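These notes concern the structure reproduced below.
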Amino acid sequence: MQHKRFKKYKRLIKLLNIYPPYLFSGIRVVDYNEDFTYFKVRLKLTWYNKNLVGTAFGGSLYSMCDPFFMFILLINLGESYIVWDKAASINFVKPGKGTVYAEFFLSQEEIANVKSVVDQEGKKVFTFPCKVVDKNGQLIASLQKDVYVRRKEKI
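Next up, the structure:
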């Protein structure tokens with residue numbers, strides 16, 4: 522069953538690269554691992570995602586980071602859980618003047634902890650940090666993503 526579910530998500534991740542909000546923002550998933558606990562995303566600076574001063578539009582920097590912690594938890598927790606992005610904050614540190622990257626990773630231990638906490642408490646909001654860096658590893662933006670997780674009610 523796990524194999525079928527992962528196969529479905531593998532197709533979904535490939536489709537994400539042609540999803541219009543990502544496609545037309547220059548955002549692309551460039552790497553992920555087999556158990557969907559790691560994603561690497563790229564934002565290539567182009568004429569259509571530059572702001573008025575010629576650097577990466579802040580909305581595109583945020584968009585490249587939007588769904589991935591939710592994806593990691595949705596995929597790995599399975600269908601017994603509801604997972605939603607609840608809130609986010611972004612701190613722009615330096616102008617994005619070229620291609621930038623963001624990486625998202627939750628270990629199996631972190632995922633097991635989320636599951637354990639939610640199983641005990643019923644629901645919880647978890648906060649995960651993320652960094653957007655340029656090709657030299659210089660920090661461009663830092664984010665905090667709040668993800669709401671709860672068990673589905675038995676019907």
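The opening residue of the sequence shown carries number 522 in our numbering; numbering runs sequentially from there.
Cβ atoms here follow ideal geometry from the backbone N, Cα and C, with glycine treated the same way.
A quick note: this is a predicted structure, and the numbers were derived from the prediction, not measured.
Query, Result
"If we count Cβ pairs, one from each stretch, closer than 8 Å, do we get three or more for the segment 627-641 versus the segment 574-583?", "no"
"Can you list the alpha helix (DSSP H) stretches of 4 or more residues lying completely in the segment 628-668, in chain order?", "629-642"
"Compare the beta carbon distance of Ala623 and Val654 with 9 Å and say whether it is the shorter of the two.", "yes"
"Run through the segment 559-595 for me and flag every whole beta strand (DSSP E) of 3 or more residues, listed as ranges in chain order.", "559-564"
"Quick one: residues in its chain with C-beta nearer than 7 Å to the C-beta of Phe626, no 5 flanking neighbours on either side, listed in chain order?", "Thr558, Tyr559"
"When the Cα atoms are used, what is the spatial distance from Met522 to Asn572?", "Summary for Met522: the model assigns pLDDT 47, below 50, so the residue's position carries little reliability; its value from the coordinates is reported in the next sentence. Near 45 Å, if we compare the C-alpha coordinates of Asn572 and Met522."
"What distance in whole Å lies between the Cβ atoms of Ser581 and Ile548, which are believed to be in contact at a cut-off of 8 Å?", "7 Å"
"Looking at the secondary structure, which residues open and close the beta strand (DSSP E) in which Tyr540 lies?", "Run containing Tyr540: none; DSSP gives neither H nor E here."
"Using the three-state DSSP reduction, which class does Asn554 fall into: helix, strand or coil?", "coil"
"Express the C-alpha separation of Cys651 and Leu664 in angstroms, rounding to a whole number.", "5 Å"
"Within a Cβ cutoff of 7 Å, which residues of the same chain sit near Tyr530, ignoring the five residues on either side of it in sequence?", "Phe557, Ile596"
"Could you check where the beta strand (DSSP E) with Glu624 kicks off and where it finishes?", "621-626"
"Along the chain, where does the beta strand (DSSP E) containing Val604 start, and where does it finish?", "602-613"
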